[in-house]
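Below you'll find the structure, written out as structure tokens, and then a few comments.
Number of protein chains: 4
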Amino acid sequence: MQIDLNSDLGESFGKYKIGLDEEVLKQVTSANIACGFHAGDPTVMKNTVALALQNQTAIGAHPGFHDLQGFGRRKIEMAPAEIEALVQYQVGALAAFVPGHRLHHVKAHGALYNLAAKDRQVADAVVAGIKAADEQTVVYGLANSELIKSAKAAGMKFAQEAFADRNYEADGSLVSRSKENAIITDPAIAAKRVVKMIQDQAITAVNGDVLPTAIDSICVHGDNQAAISLVKRIREALTKEGISITSQL
Amino acid sequence: MQIDLNSDLGESFGKYKIGLDEEVLKQVTSANIACGFHAGDPTVMKNTVALALQNQTAIGAHPGFHDLQGFGRRKIEMAPAEIEALVQYQVGALAAFVPGHRLHHVKAHGALYNLAAKDRQVADAVVAGIKAADEQTVVYGLANSELIKSAKAAGMKFAQEAFADRNYEADGSLVSRSKENAIITDPAIAAKRVVKMIQDQAITAVNGDVLPTAIDSICVHGDNQAAISLVKRIREALTKEGISITSQL
Amino acid sequence: MQIDLNSDLGESFGKYKIGLDEEVLKQVTSANIACGFHAGDPTVMKNTVALALQNQTAIGAHPGFHDLQGFGRRKIEMAPAEIEALVQYQVGALAAFVPGHRLHHVKAHGALYNLAAKDRQVADAVVAGIKAADEQTVVYGLANSELIKSAKAAGMKFAQEAFADRNYEADGSLVSRSKENAIITDPAIAAKRVVKMIQDQAITAVNGDVLPTAIDSICVHGDNQAAISLVKRIREALTKEGISITSQL
Amino acid sequence: MQIDLNSDLGESFGKYKIGLDEEVLKQVTSANIACGFHAGDPTVMKNTVALALQNQTAIGAHPGFHDLQGFGRRKIEMAPAEIEALVQYQVGALAAFVPGHRLHHVKAHGALYNLAAKDRQVADAVVAGIKAADEQTVVYGLANSELIKSAKAAGMKFAQEAFADRNYEADGSLVSRSKENAIITDPAIAAKRVVKMIQDQAITAVNGDVLPTAIDSICVHGDNQAAISLVKRIREALTKEGISITSQL
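Residue numbers (this note's numbering), protein chains in the order written: chain A, 17 to 265; chain B, 17 to 265; chain C, 17 to 265; chain D, 17 to 265.
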């Protein structure tokens, strides 16, 4: 039994710093590196790739809407062809910094991730952009989402991810951040839950429903010390249960 | 005897249109496609690459400073490491749209081109960025410039370019656009001059000095009908003299 | 009987040119000048204000979403407080270029205009931003829209505008550009229709419904020669009917 | 005897946070608020103005080059007319958020500040932009700089500022940050030095030269706790010496 741990990285921009990249890179197996549209800039990207290589963390692109002010969390109404080009551009830009120019994976960010999870047309555009830029890479997406279906249909490799600290609705979507029970704040519960999801290959929704799901990767965060502690706790719990932590999907 | 004709393309942005790309692509052998920093956007890049492929024009990246308002023509004071990353990013972004993800060439734009022609530190940064993104591509630069020296030193392929419609100083630099005799406006003179430069493998400066120069490519423009006419005239003059027009450097 | 003619202006950006500003300024009485977010830049704004002053055209701000690539036509999901600040900023920026720093009017652009026409929360945010920046200015909005209701409720002066070349649905909204009958292309019909709307103080929808509407201003365009011709034709028709053309609302 | 203490504020952007604004606002008498070009965004500006009003801190605009990635610290080669419009725009944008739309002062940021200190043409452009946007405001500038001369020549009010933690060359310019002795790191020395500058109305350069200078304001920082401590220490030293701290120039 095995699992990948992925985290968003390289979200600083110019003088602006976000994220404890050096620390979280020691804990995760896959890095989703921002590509300069919602966060990151060429220099940050270059440095983050170098840091990931030092830590032998698998490198992925993390494309988002072109909206630094909104950190890629605001939906921008774009035509599918525009979204495809948007993704293709960002994947290529990050690949330029990686030896061999091949990426382990691509994971959409923020509002683009959420849209692609629910809207098949957006999902298809995202997958088309990824495929055009790197046919061999792995498409990361919310487990059971439209994006995963789209990746399958396009013949792309894919990885289904689950969130360590987020609750799920009965339809497999994340409980909206605007609701009280969106986030699991107790690290002990989160760690236990991660182990259970992997062992059961299922997600338990807030209403108690059990959604059978092949989970390949767990998304964790590195924004602050509490987040880092949570990742360490999850690693301990996984190791204790004999679940190996690896980006070899 | 042979020569390449190159032109800047894909300089539109969103609703804003610049350049008669469809027409000039029928005349030139190499396209320098803007990469979204001084001009171009992901959609424009995708469409311009498709158009170049249709015309069997060799595709190159045209990275510039991140300054849409200034169209990349304003010098921005950046550290060499920043310039390297800036170039690497843009080359990768354009490569994403090209089948096989390899570019025929890379030519810096505007203020970055001019700086890299004169300042070896900037030249080295530009070449390092290009090499990191694509080791096999050809570095285009002003003939006899620091950029060409830098490309040689880095073991990169390079192409020396001359301008059909610009006068030269005795040191091989372009006469500044702020001077009256910067531009050659008579198409007949420009066409004749291009042929002579190639046959003599030399550039004649405004003071009469002859600068021996191996010229690989001629830079032409496609901004308006007069520019297109000039390119056609140059092609006719070249063909008449038995000089073949090709991007096979 | 009187009417104002308004047009969007100052939509160029850096080297990118859009719109026949010099020509359309001779025909209209109110100029909606882009504020640098969806179009325009500080230099373009300064020059456009100078041109409007020369033509004694009333000057208004034309704020939009921060999206140059999408020309402000793509909806960006923003919180009301963010929209308020977005509008307030742009109104102040344009006012800086106007003698006395007071604007004749403010008209939202593109996707922001459309959203504010239908969504009262967005409308309230737009009006709050305008009011905070200039309490005395006139809020321009689609006749019968939520924006007009919001301006009324806020105690702001307002002007209801109708479109010379657009068809209307029975609910007073514009027929979507994605539909075939969105645009009235025959100048004779458009001119006649404008006169009728003003004389009847009513808009006739595509289904024949008559919507009584106090119309203060007609929106016209200056993108190309056909647009300029249409404006001239409308002016002739108005003059012939004794309707005076003025920005004095 | 009196002095103003000014600090740069509102330098956050979207999700990115910089500066301990709430704390430094309790210590200073004048706030230089970023205008969205090198830092800040409309929402940050609105909130920062509100915070300054709560603390009865005098509000000024802090315009810079349009370069978020470089935080306005990279010189961008712009024509004087472009710089004038750049400044005018930003001053107006900030004024929109201030009750009455009048600003206490305007202080250029970073590379624009440094350029305007040394280059009279740039200084004149900055002053022209400020004057066009607000004729009554006070131009803040490096003591003895070209900017101060330009403000005088334009008939604008001005305030000469000195830096608490920076050493000076014999010509009155700041010792470059690239030199070892650029920054005064010992808070005791910095505080003592500030008092001496004000009492002597003179700056002592690194070579011992004494430059007679009427100092109106001291620039302090709020980036971190050490900076806040330094400001507190300076306030104590000033108060002890009976120097009143006020923005009433």
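Don't be surprised by glycine CBs; every beta carbon is placed ideally from N, CA and C. Everything numeric in this text was worked out from a predicted model, so none of it was measured.
Contacts with chain B at 8 angstroms (Cβ-Cβ) include residue 107 of chain A. In the three-state reduction of the DSSP assignment, residue 117 of chain D falls in the helix class.
Close partners of residue 32 of chain B in chain C (Cβ separation under 7 angstroms): 29, 32, 34. Under a criterion of Cβ atoms nearer than 8 angstroms, the residues of chain A adjacent to residue 90 of chain C are, in order, 92, 93, 94.
Pairing residue 69 of chain C with residue 156 of chain C, the inter-Cα distance amounts to about 20 angstroms. At a Cβ-Cβ threshold of 8 angstroms, residue 21 of chain B and residue 200 of chain B do not count as neighbours. For residue 145 of chain A, the enclosing alpha helix (DSSP H) has its first and last residue at 136–149. According to the DSSP secondary-structure assignment, residue 47 of chain B is paired through a beta bridge with B:23, B:75. Every beta strand (DSSP E) stretch that sits fully inside the segment 192–260 of chain A and reaches 3 residues is listed by chain position as 218–220, 226–228, 233–236. Nearest neighbour of residue 122 of chain A by Cα position, chosen from A:91, A:158, A:87, turns out to be A:158.
Put simply, the backbone Cα of residue 41 of chain D is about 24 angstroms away from that of residue 149 of chain C. Taking the Cβ atoms as the reference, residue 124 of chain C lies roughly 7 angstroms from residue 80 of chain C, within the contact range of under 8 angstroms. Here the alpha carbons of residue 243 of chain B and residue 133 of chain B stand approximately 24 angstroms from one another. Nearest C-alpha to residue 193 of chain B among B:89, B:39, B:52: B:89. With fewer than 16 neighbouring CB atoms inside 10 Å of its own CB, residue 258 of chain B falls in the exposed class. Here residue 240 of chain C is exposed, its C-beta having fewer than 16 other C-beta atoms within 10 Å. The Cβ neighbour count for residue 23 of chain B, taken over all protein chains shown within 10 Å, is at least 16; the residue is labelled buried. Shown in chain order are the members of the segment 56–71 of chain A whose Cβ falls below 7 angstroms from a Cβ of chain D: 57.
Rounded to whole angstroms, the gap between the alpha carbons of residue 185 of chain D and residue 222 of chain D is 6 angstroms. Around the beta carbon of residue 215 of chain B, a 10 Å sphere encloses fewer than 16 other beta carbons of the protein chains shown; the residue is thus reported as exposed. A contact is defined here as three or more CB-CB pairs under 8 angstroms, and the segment 86–104 of chain A meets this definition with respect to the segment 92–100 of chain C. No Cβ of chain B is located within less than 8 angstroms of the beta carbon of residue 126 of chain A. Rounded to whole angstroms, the gap between the alpha carbons of residue 218 of chain B and residue 19 of chain B is 14 angstroms. Look at residue 86 of chain D: its C-beta is under 8 angstroms from a C-beta on chain A. At the C-beta level, residue 145 of chain D and residue 191 of chain D stay beyond 8 angstroms of one another. For the pair residue 48 of chain B and residue 78 of chain B, the CB atoms are nearer than the 8 angstroms cut-off.
Taking a Cβ-Cβ cut-off of 9 angstroms, the neighbours of residue 117 of chain A in chain B comprise 108, 111, 117, 149, 150, given in sequence order. If you compare the alpha carbons of D:249, D:36, D:232, D:112 with that of residue 52 of chain D, the shortest gap goes to D:112. Sorting D:98, D:99, D:110, D:97 by C-alpha distance to the C-alpha of residue 102 of chain C places D:110 at the top. In chain order, 141, 142, 144, 145, 148 place their CB closer than 8 angstroms to the CB of residue 100 of chain A, counting only its own chain and leaving out the 5 sequence neighbours on each side. The beta-bridge partner set that DSSP reports for residue 92 of chain C consists of A:92.
Contact note: residue 26 of chain B does not reach chain A at a C-beta cutoff of 8 angstroms; the least C-beta distance is about 12 angstroms. DSSP lists no bridge partner for residue 101 of chain A.
With contacts defined as CB atoms closer than 8 angstroms, residue 203 of chain A and residue 246 of chain A qualify as a contacting pair.
For residue 82 of chain D, a Cβ of chain B is located within less than 8 angstroms of the residue's own Cβ.
When the Cα atoms are used, residue 17 of chain B and residue 211 of chain B turn out to be separated by approximately 11 angstroms.
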